[in-house]
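As you go down the protein sequences, you meet chains A and B in turn.
Anchor point for the first sequence: position 346 equals 400 in the working numbering, and the numbering is continuous, going up by one each time.
Anchor point for the second sequence: position 5 equals 59 in the working numbering, and the numbering is continuous, going up by one each time.
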Amino acid sequence: MAFKNYTLENLLNELPEALLMTTTQGVILFANKALSTMTGFALDELRGESAVKLIPTPERRRVDVVTWLNRWADYPDPDQLRYLNLALSTKFGVTKLVSLRVSKHLENGEICFLVILRDVTSEHETITSLRHAQLITNRILAIGEDAVVSIDEQQRITFWNARAADLFGYSSEEALGQPISLVLPDSAKLTHGAMVEQFARQSVPSRMMGERGEISGKRKDGIIVPLEAAITKTHIDGQAIMSAQVRDISRRKSAEAALRASEARFRAIFEHAVEAMAVLDATGMVQEINQTAREMIGDYEPGHYFWDLNWWPGETDSARIAEARTVLQANIKRVGEGETIRARVELPAAEGRSRDIDFSLIAVFDADNNLQYIIAEGRDVSSLTP
Amino acid sequence: MPRIRFTESNGTVHDVDVNEGLTVMEAAVTRMIPGIEGDCGGLCACATCHVYIPDAWLAKCGEAEELETSILDFAYDVQPNSRLSCQIKITQELDGLEVQMPERQY
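See the structure below:
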C-alpha cells in the first residue's frame, strides 16, 4: 500500500515505536522502519504477507494473532493488552516477546488495523527472575522455625507466614489487613503502637524487641505466649514496613524454670550438707564450696586453687603447711588422671586441738572421657574416734 | 475449611486448608505454591494461573465462561480439562479438590 500523503509515511518511519498496518484478515499493508529494525524484515518482505509470518502460533499453544487483532480492535481491554504478550519471530529466528496496541482505521475506504508493537522481552525476563527469587525467599520464610510478620505504617498486617499462622492461630486470610493489635495482649495494646512509631524513627535498622522487658503475644484462643522477636524496617516509597521474626519461647521458659528448680534443689543439698564439699575444675580451681567447708577455712574468696585455701588454721609451722599443700596438689593431679583418693587426715585446728577428717577426692568425666570436675569431700569424724 | 491438593508438574504435592470465598489461584499464591503465577491478580487477563482439573471435579468447579476459554489461547499445553484457577471460587463443596499445574505458565 502507498500512502497518498508521503509526509505521513515519512512520519511513521520516523516513529520510535514499531508499527504495522494490516487488513482485518491480517494481511500486512505497511510496516515502519522501527518494525524492520525489530524484526529484521524489510517492508517489501512483509507487504502482502500474513501477520502470522511475524507472530506464528507457538508450539503447544493455540493463540492466533489475527483472531486477537480483531478482538482487540473491537474491544481494546487494557488489562489483556497489558498482561497478554505474543511471541514474535524475527527474520533470524530469534523469538521476542511483544505487547500490542490495536486500533481500527479507514484507509482508502477499507477498514484496517494499526498495530503498535513493543518489545517486552527483557522486561519480562527481569520480572520473571524477580518473581522466582521472591518465590524462593518466600518459601524459605514459609518453612522457617520463626513466625514472620510485617506491618505497614498504619500498623496493619501485610505479611504473615505459615509459622505465624501456627503460632497465633490465625490463617493468613484472617490476619492480612488486620491491625497488629489482633495478636497483642491487652497489657501491650496501649504501648505497642508508640514503640513501633519510635522504632520507625530511630536510626537503627534492626534490633531485638522488648529490650526493656519480656514480650508476649495473644493467640486466637486467648492464650498469652511469651515471645522473642527481632525487628527490622524497610522504607519503600517513603513508607516504613516493619517486619518481625517472632519465636514462641514457652518451652524455653519452662525449661529455664525447671533448671532453676533443679539448681535450687542442688543448692539446698549442697549448702546444708554435714560434709564439707567443694567442686573443682580440671585445674583444681574451686568452682563451688559449701557452708561447712567455708566454716573450716574461715574467710573464703573465689578464685583460688583448692590447695591454696587455709585448710590448716591451727598449724603454725609454715614449712609443714607448704609440704601439706604440695601433697594435696599432687593428689588432685592423680585424681585428675583417674584415681580415686580416700584418706583419713588429721588437721591441726585452733587452740592446739586437731580434727580427724575422712577425706575423699573423686573425678567426674564427661561422655568423651574429658575431666570435668573434681569433687572434694571431707567429714569431721573426730567425735567418732574412740 | 476446604482442603485443596496442588500437584506441581514435577509431582510435588502441596495440601493446603483454604478459607471459602478465595479463588484457587489466590490460595496457591498466598501459600507460595510454585507453578501458579497469577500475574494479573485475578482479572482473567493473563493466563498465568492455568491448571488441570481431574474430570471428577470439573463439573463441581462450574462452567468456564467465554472470556476464560478465549484467554486460555495464550496458555501452554491446553487440554479439555484446562481451567484458569482465578475463575474457580472455593466452596465447601470443593473440599478435597485436586489441582494439577502445567509444565509452565509463560
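C-beta: ideal position from N, C-alpha, C; glycine also.
Reduced DSSP secondary structure (H/G/I, E/B, other) of residue i
i: Ser63(B); result: coil
i: Glu325(A); result: helix
i: Glu251(A); result: helix
i: Ser304(A); result: helix
i: Gly390(A); result: helix
i: Arg314(A); result: helix
i: Arg57(B); result: strand
i: Gln154(B); result: strand
i: Asp362(A); result: helix
i: Glu377(A); result: helix
i: Met331(A); result: strand
i: Asp127(B); result: helix
i: Ser414(A); result: strand
i: Met350(A); result: helix
i: Leu121(B); result: helix
i: Leu148(B); result: helix
i: Ile90(B); result: coil
i: Val70(B); result: strand
i: Ser408(A); result: strand
i: Thr191(A); result: helix
i: Ala196(A); result: helix
i: Leu382(A); result: helix
i: Ser437(A); result: helix
i: Gln141(B); result: helix
i: Ala99(B); result: coil
Residue range of the unbroken beta strand (DSSP E) whose run includes residue i
i: Glu400(A); result: Ile395 to Pro402
i: Gln426(A); result: Leu425 to Asp434
i: Ile343(A); result: Val340 to Ile343
i: Ser204(A); result: Ala201 to Ile205
i: Pro367(A); result: Careful: Pro367(A) lies outside any beta strand (DSSP E) and carries neither H nor E.
i: Leu138(B); result: Ser136 to Leu138
i: Pro239(A); result: Taken as a continuous stretch (DSSP letters only), Pro239(A) belongs to no beta strand (DSSP E), as it is neither H nor E.
i: Arg261(A); result: Ser260 to Met262
Pairwise C-alpha distance: residue j and residue i
i: Ala311(A); j: Ser304(A); result: 11 Å
i: Asp376(A); j: Ala322(A); result: Just to set this straight, residue 376(A) is Ala in the shown sequence, not Asp. Straight-line Cα distance between these residues: approximately 34 Å.
i: Val106(A); j: Val119(A); result: 6 Å
i: Leu401(A); j: Ile411(A); result: 7 Å
i: Leu195(A); j: Val174(A); result: 31 Å
i: Asp445(A); j: Asp275(A); result: Because residue 445(A) is not part of the residues shown, which for chain A are 55 to 440, the question remains open.
i: Glu68(A); j: Ala88(A); result: 8 Å
i: Glu74(B); j: Leu148(B); result: 9 Å
i: Arg114(A); j: Leu151(A); result: 17 Å
i: Thr61(B); j: Ala82(B); result: 11 Å
i: Glu268(A); j: Ala242(A); result: 11 Å
i: Ala118(B); j: Met75(A); result: 34 Å
i: Gly223(A); j: Gln159(B); result: 33 Å
i: Cys98(B); j: Cys140(B); result: 7 Å
i: Tyr130(B); j: Pro156(B); result: 8 Å
i: Ile170(A); j: Leu100(A); result: 16 Å
i: Asp240(A); j: Val78(B); result: 36 Å
i: Gln232(A); j: Asn215(A); result: 14 Å
i: Leu281(A); j: Gly271(A); result: 7 Å
i: Leu415(A); j: Asn344(A); result: 15 Å
i: Glu152(B); j: Arg125(A); result: 33 Å
i: Glu391(A); j: Glu349(A); result: 30 Å
i: Leu126(B); j: Leu123(A); result: 16 Å
i: Phe320(A); j: Glu228(A); result: 48 Å
Residue i: contacting residues in chain A (beta-carbon distance under 7 Å)
i: Val132(B); result: Arg116
i: Cys100(B); result: Tyr137 and Leu138
i: Cys94(B); result: Asp133 and Tyr137
i: Leu97(B); result: Asp133
Unbroken alpha helix (DSSP H) run spanning residue i, endpoints
i: Tyr60(A); result: Tyr60 to Glu68
i: Ala82(B); result: Val78 to Thr84
i: Leu112(B); result: Asp109 to Leu112
i: Arg217(A); result: Ala216 to Phe222
i: Ala229(A); result: Ser226 to Ala229
Per-residue contacts from residue i into chain A (C-beta, under 9 Å)
i: Glu120(B); result: The contacting residues do not exist; Glu120(B) stays about 11 Å from chain A at best.
i: Leu138(B); result: Those do not exist, as Leu138(B) stays about 12 Å from chain A at its closest Cβ, beyond 9 Å.
Proximal chain A residues relative to residue i, where beta-carbon distance stays under 8 Å
i: Thr123(B); result: Simply none; closest approach about 11 Å.
i: Glu91(B); result: Arg185
i: Asp149(B); result: In chain order: nothing, as chain A lies at least about 16 Å away.
i: Asp127(B); result: Arg115, Arg116, Val117, Asp118, Thr121 and Trp122
Contact list for residue i against chain B, beta-carbon separation under 7 Å
i: Thr182(A); result: Tyr160
i: Ser225(A); result: Asn73
i: Lys189(A); result: Checking the sequence, you will find Leu at residue 189(A) rather than Lys. Per Cβ cutoff of 7 Å: Met86 and Pro88.
Under 9 Å by beta carbon: chain B residues contacting residue i
i: Asn192(A); result: Met86
Where residue i meets chain B, residues with beta-carbon distance less than 8 Å
i: Ala196(A); result: Arg85 and Met86
Legend entry - Contained beta strand (DSSP E) runs [length at least 3] in the segment 144-183 of chain A, N- to C-terminal order: 149-161 and 164-173
Legend entry - 3 or more residues per run - each beta strand (DSSP E) lying fully within the segment 65-151 of chain A: 72-77, 82-85 and 140-143
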